[in-house]
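Report on the following structure.
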Amino acid sequence: MPTTVVVGASRGIGYQFIQTLALEGNTVIATARNVADLEGNVKADKIPNTHVVQADLTSADSLIAAAKATSSLVDGQIDHLLINGAFLSSTGGMNPTDFADKPELFLEELKKSVEANIAGPLFAINAFLPLLRAGKEKRVTYISTGVAYVPETIDTRISNSVPYSVSKAGGNMVIAKFAAELQDEGFTFLSIAPGGVATEAMTDMSKFTDEEMAKMQVMLGRMMQKYPEWKGLISPEECVKRILNVVKNSKVEQSGQFLSYWGNTTQWL
């Protein structure tokens, strides 16, 4: 069965990825900054075929060490690298003009976002590339976001989440650059947006001010106008199922593309 590395597997859809993949028979290498906590959860939930290794997405050295540890567990080869870890800025409720008198805050949040969401995938892919080259499937999947897709941003007027959106768009370009460079080696690089998922990051509204919440309600209304059939946030289990279906049905010719969890660029929810 395939071997998959999930970078950023401690919670949310990252944790759901290891549950789903393991139950499908994959050998799973799950990375986390806090190994003990993730190992405890894996044991408590009786998730089979799963190994936990330490890694920090913002540290190239950490990811190189994780790849080395992984190599010893899987005979030097993996089939799929799935990069889920990300930095989600606390300024998600702010629009561009809200930073007019807060330039230091914008630069600070942008720096953190770039380190995790742009440099992170580049570090991870380079660290695990020798193992991917030795594997059979040669798949790399980057979990992105629909708010990084320009047409969707304009259509639904999603003006908030500036550092997050900008950095995720940059991450998509990193994936495209790897696809271009390694096109002749049979790799399939994909960026996939997970849609609206009922994770703690999406449901915890305590970090937003009343003003930011009001802006987000307006944005939500616009999204529901475009997607009247949308029933709201889906479960991590359903989200992961859809993403993995896109991955499994993708072809080498699609390498470098940015897709929704429906496998297209027209429906993001």
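Per our numbering, the sequence shown starts with residue 5, numbered consecutively. We treat Cβ as the ideally placed atom computed from N, Cα and C, and that holds for glycine. No experiment lies behind these values; they were computed from the predicted model shown.
When you compare only the Cα positions, how much space is there between residue i and residue j?
i: residue 17; j: residue 239; result: 9 Å
i: residue 198; j: residue 149; result: 6 Å
i: residue 44; j: residue 8; result: 20 Å
i: residue 154; j: residue 232; result: 21 Å
i: residue 265; j: residue 258; result: 15 Å
i: residue 85; j: residue 270; result: 26 Å
i: residue 34; j: residue 72; result: 14 Å
Mind reading off the beta-carbon distance from residue i to residue j? Whole number of angstroms is fine, and I expect it under 8 Å.
i: residue 267; j: residue 237; result: The pair is not a contact, with the Cβ atoms about 20 Å apart (cut-off 8 Å).
i: residue 26; j: residue 58; result: That pair is no contact at about 19 Å.
i: residue 62; j: residue 128; result: Not confirmed; about 10 Å, so no contact.
i: residue 93; j: residue 19; result: Incorrect: roughly 22 Å between the Cβ atoms, too far for contact.
i: residue 53; j: residue 31; result: 5 Å
Using the beta-carbon count (16 or more within 10 Å), is residue i buried or exposed?
i: residue 111; result: exposed
i: residue 143; result: buried
i: residue 98; result: buried
i: residue 87; result: buried
i: residue 151; result: buried
i: residue 190; result: exposed
i: residue 60; result: buried
Do residue i and residue j have their C-beta atoms closer together than 9 Å?
i: residue 12; j: residue 90; result: yes
i: residue 263; j: residue 196; result: yes
i: residue 194; j: residue 96; result: no
i: residue 140; j: residue 79; result: no
Is residue i close to chain C? Criterion is C-beta to C-beta, closer than 9 Å.
i: residue 87; result: Absent from the structure is chain C; it holds one protein chain and no more.
Exercise for the section: Flag this pair as touching only if the stretch 54-69 and the stretch 96-107 have three or more C-beta atom pairs under 8 Å; answer yes or no. Expected result: Counting Cβ pairs under 8 Å, fewer than three are found: no touch.
Exercise for the section: Flag this pair as touching only if the stretch 243-253 and the stretch 171-186 have three or more C-beta atom pairs under 8 Å; answer yes or no. Expected result: Cβ pair count under 8 Å is below three, so no.
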